[in-house]
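To start, the structure under review is shown below, and the notes come after it.
Numbering (this note's numbering), first residue to last: 451 to 819.
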């Protein structure tokens, strides 16, 4: 239990870093000095660099069993770079460079962190527990920390929190011993794996669009004020906290292959219900959203570990990490196109998004039949 707790605590630190630095304070600061398009392009390019870097390092980690070593190096580097933003704050160009290096380091740390699941027997329960603690961390950061932190000190403060919450994993978790000589060429020829990655992308697009645009949707469709929007989004965190352990338990009981299938139906149900839901049902909408999100984050990484050679975990999880980042961009572009096509009809646009989990389900059936 102590090792599982150590694994989950890192998820807490990671979501606090994401909520406060990646999603809130730094974008708001940097876009005062740099055009938003330039910032978005630079941030997007960092994901591509990170993916290529993770493939290279993943090969080494899988061949030499260095997963925990790389996790430790990049977790510490991420914290140090975050703290350095405080010092570079008066120089926006330097701060942006440090931030992009931190983003690359953060992605590496998260890939190798996910691969540490190889060291657990109950991988579903461990993953779900981490997701639940991650939701707790995000809620705590946004509700209790955000209003109390000030720039430029926030970057040093969050770095310290992140590093402290990384220590249990660095000290207590074991380095998985599974090894394999991975050939990227062979993975790119693995149609089953590529179909699975695309099917995951189909629902990750919906998930990331929901995270980014739910507040706007609630404002435009239901005319909710900021406090009511926060309440609905807060309830979604409760759905995630409850959903993580449940999905983890079911994943260990029935297998990730079966349980991941439920996610497609969850997102189809959500997107069919969302346009029709009356204002009185918004709390239920929030719970269903959090429940669906926790399913995706809990089961997807376990699915990769179960269905493909364990010795290739780091390289294959790099592709999973890429889908999460690509989905953020593609999902928002598709959402914008749907609003344009429907004449800013938010309800109809949400309904049309159901085509993506339906497509994902079809691809998933082909991938794992």
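In this text, a Cβ means the ideal position worked out from N, Cα and C, and glycines have one as well.
Which stretch, first to last residue, makes up the alpha helix (DSSP H) that contains residue 636?
634-638
Rounded C-alpha distance that separates residue 558 from residue 730
43 Å
Spatial distance of residue 740 from residue 537 (CA atoms):
37 Å
Evaluate the contact criterion for the stretch 573-589 versus the stretch 460-468: three or more CB pairs, one atom per stretch, below 8 Å.
Short answer: they touch.
State buried or exposed for residue 518, treating a residue as buried only when at least 16 other CB atoms are found within 10 Å of its CB.
Buried is the label assigned to residue 518, since at least 16 other Cβ atoms lie within 10 Å of its Cβ.
Where the alpha helix (DSSP H) through residue 814 begins and ends:
According to the DSSP assignment, residue 814 belongs to the alpha helix (DSSP H) that extends over 805-817.
Are the Cβ atoms of residue 800 and residue 725 separated by less than 7 Å?
yes
Does the beta-carbon of residue 631 have 16 or more other beta-carbons within 10 angstroms, so that it is buried, or is it exposed?
exposed
So for residue 619, helix, strand or coil by DSSP?
helix
Out of 698, 634, 798, state which residue places its alpha-carbon closest to the alpha-carbon of residue 513.
Among 698, 634, 798, the Cα nearest to that of residue 513 is on 634.
Cβ distance (whole Å) where residue 493 is taken to contact residue 553 below 8 Å
7 Å
For residue 697 versus residue 748, is the C-beta distance shorter than 7 Å?
yes
Quick one: Cα of residue 570 to Cα of residue 576, how far?
7 Å
Can you check the stretch 645-669 for any alpha helix (DSSP H) of at least 4 residues that lies completely inside it and give the ranges in chain order?
With a minimum length of 4 residues, no continuous alpha helix (DSSP H) run stays inside the stretch 645-669.
What residues in its chain sit with their C-beta under 7 Å from that of residue 817, if we drop five residues either side in the sequence?
642, 645, 646, 649
Identity of the residue in 515, 506, 479 nearest residue 545 by Cα
479
Residue 806 and residue 656 closer than 7 Å at C-beta
Yes, the Cβ-Cβ distance between residue 806 and residue 656 is below 7 Å.
Taking the alpha carbon of residue 603 as the reference point, which residue from 476, 794, 594, 752 has its own alpha carbon closest?
476
Would you kindly check if the distance between the Cβ of residue 765 and the Cβ of residue 509 is under 7 Å?
yes
Counting only runs that start and end within the stretch 538-622, where is the alpha helix (DSSP H) found for 4 or more residues in a row?
The DSSP assignment places complete alpha helix (DSSP H) segments of no fewer than 4 residues inside the stretch 538-622 at 542-565, 573-590, 603-622, in order along the chain.
Does the stretch 599-614 touch the stretch 768-778, meaning 3 or more C-beta pairs lie closer than 8 Å?
no
So, is residue 535 buried or exposed, given that buried needs 16 or more other C-beta atoms within 10 angstroms?
buried
If we call anything under 7 Å between Cβ atoms a contact, is residue 768 one with residue 629?
no
Nearest to residue 562 (by Cα), restricted to the options 547, 591, 624
Residue 562 has its Cα closest to that of 624, out of 547, 591, 624.
Pull up the distance between the alpha-carbon of residue 506 and that of residue 792, whole angstroms please.
Whole-angstrom Cα-Cα distance: 43 Å.
Restricting to Cα atoms, I'd like to know which of 601, 812, 574 is closest to residue 711.
812
What would DSSP say about residue 529, mapped onto helix, strand or coil?
Residue 529: helix per DSSP, three-state reduction.
May I ask which residues mark the beginning and end of the alpha helix (DSSP H) holding residue 477?
476-480
Measuring only the C-alpha atoms, how far is residue 804 from residue 771?
23 Å
Exposure of residue 738, with buried meaning 16 or more beta-carbon neighbours within 10 Å
buried
Same chain, Cβ closer than 7 Å to residue 687, five either side skipped, listed in chain order:
A distance below 7 Å between beta-carbons, with the five flanking residues on each side excluded, links residue 687 to the following residues of its chain, in chain order: 585, 588, 589, 740.
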